[in-house]
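Novice: Take the sequence shown: its letters are residues 876 to 1044, numbered as in this note's numbering.
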Amino acid sequence: MPKKSEIHYTERMKETIELMANPGLLLVSVDSAGKPNAMTIGWGTIGIIWGKPIFTVLVRPSRYTYGLMEETGDFTVNVPNADMRDTVMFCGTKSGRDYDKFKENSLIAVPSKEIKSPGIEQCPIHYECKVVHKNDVLKEKLDGKIISSAYSGGDFHTIYYGEILAAYA
């Protein structure tokens, strides 16, 4: 596996956004003992807020990842390679409460330089993000068509705004 180098966060943004839609990206958080967990995300964006580069990600409170992010206040976003479709599917359909997703998928955790949560060695791109703000999606403020298509069972997301402290490819 070639060694990753630090890049400007916009350098691989187009590829990151395209792959978020299909097959999805892998958000990694870590528990207090340092055990990592990966969750597939298909919703998020990169932009500038408060004069800072921000990666916004959405996580439902029912997800195992939610508790980890609340605990550590950071996360990485990892862009999978073409051979990782099965891993992305597994991480999007199985819970970290029941599976060690890193072990089950032979993922290698790479220590981050700026945060607690690691990156994934097999992913060609990863972003290290520190949560600088979060807010809950409020049903009463959301368009009804989005509620019926994305929240028919309730369980509204929390939106995490992660300052991108470093990006690697």
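Don't be surprised by glycine CBs; every beta carbon is placed ideally from N, CA and C. Since the structure is predicted, the reported quantities are computational estimates derived from the model, not experimental observations.
1. Please return the same chain residues whose Cβ sits closer than 6 Å to the Cβ of R935, not counting the five positions on each side in sequence.
2. Comparing C-alpha positions only, which one of P928, N897, G919 and A896 sits nearest to E886?
3. By Cβ distance below 8 Å, which residues in the same chain neighbour T920 in space, the five residues on each side in sequence not counted?
4. How would you write the range of the beta strand (DSSP E) that Y1043 sits in, first residue to last?
5. Run the CB neighbour count on T962, radius 10 Å, all protein chains shown included, and call it buried at 16 or more, exposed below.
6. Between E881 and A1025, how many whole angstroms is the CB-CB distance? I'm expecting something under 8 Å.
7. Below 9 Å between beta carbons: does that hold for V985 and L900?
8. Pick helix, strand or coil for C1004, following the three-state DSSP scheme.
9. Does the distance from the C-beta atom of P911 to that of P993 stay below 9 Å?
10. Between which two residues does the beta strand (DSSP E) harbouring K976 extend?
11. Taking the beta carbon of T968 as the centre, do at least 16 other beta carbons fall within 10 Å, making it buried, or is it exposed?
12. Between the beta-carbon of M914 and the beta-carbon of T940, is there less than 9 Å?
Specialist: So, to answer that:
1. As a first step, residue 935 must be located in the sequence shown, where it is residue number 60. Here the set comprises D1030 and H1032.
2. One-based indexing of the sequence shown puts residue 886 at position 11. Check the Cα spacing between E886 and each of P928, N897, G919 and A896: the tightest is with P928.
3. For this step, residue 920 is matched to residue 45 along the sequence shown. A distance below 8 Å between beta-carbons, with the five flanking residues on each side excluded, links T920 to the following residues of its chain, in chain order: I892, F930 and T931.
4. Here the question's residue 1043 lines up with position 168 in the sequence shown. Unbroken beta strand (DSSP E) run through Y1043: T1033 to Y1043.
5. Your numbering for residue 962 matches position 87 in the sequence shown. Answer is buried; the Cβ neighbour count reaches 16.
6. To locate residue 881, count along the sequence shown from 1; it is residue 6. To locate residue 1025, count along the sequence shown from 1; it is residue 150. Actually they are not in contact, since the Cβ atoms of E881 and A1025 sit about 35 Å apart, beyond 8 Å.
7. For this step, residue 985 is matched to residue 110 along the sequence shown. For this step, residue 900 is matched to residue 25 along the sequence shown. No, the pair does not count as a contact, with Cβ atoms beyond the cut-off.
8. Numbered from 1 along the sequence shown, position 129 holds the residue referred to as residue 1004. The three-state reading of DSSP puts C1004 in strand, counting E and B together.
9. Working through the sequence shown from its first residue, we reach residue 911 at position 36. Working through the sequence shown from its first residue, we reach residue 993 at position 118. Yes, Cβ-Cβ distance for P911 and P993 is below 9 Å.
10. Locating residue 976 in the sequence shown gives position 101, where the first residue counts as 1. No beta strand (DSSP E) holds K976; the alpha helix (DSSP H) holding it covers K976 to E979.
11. Numbered from 1 along the sequence shown, position 93 holds the residue referred to as residue 968. By the Cβ neighbour-count rule, T968 is exposed, with fewer than 16 other Cβ atoms within 10 Å of its own.
12. Position 39 of the sequence shown, counted from the first residue, corresponds to residue 914. Position 65 of the sequence shown, counted from the first residue, corresponds to residue 940. The Cβ-Cβ distance between M914 and T940 falls below 9 Å.
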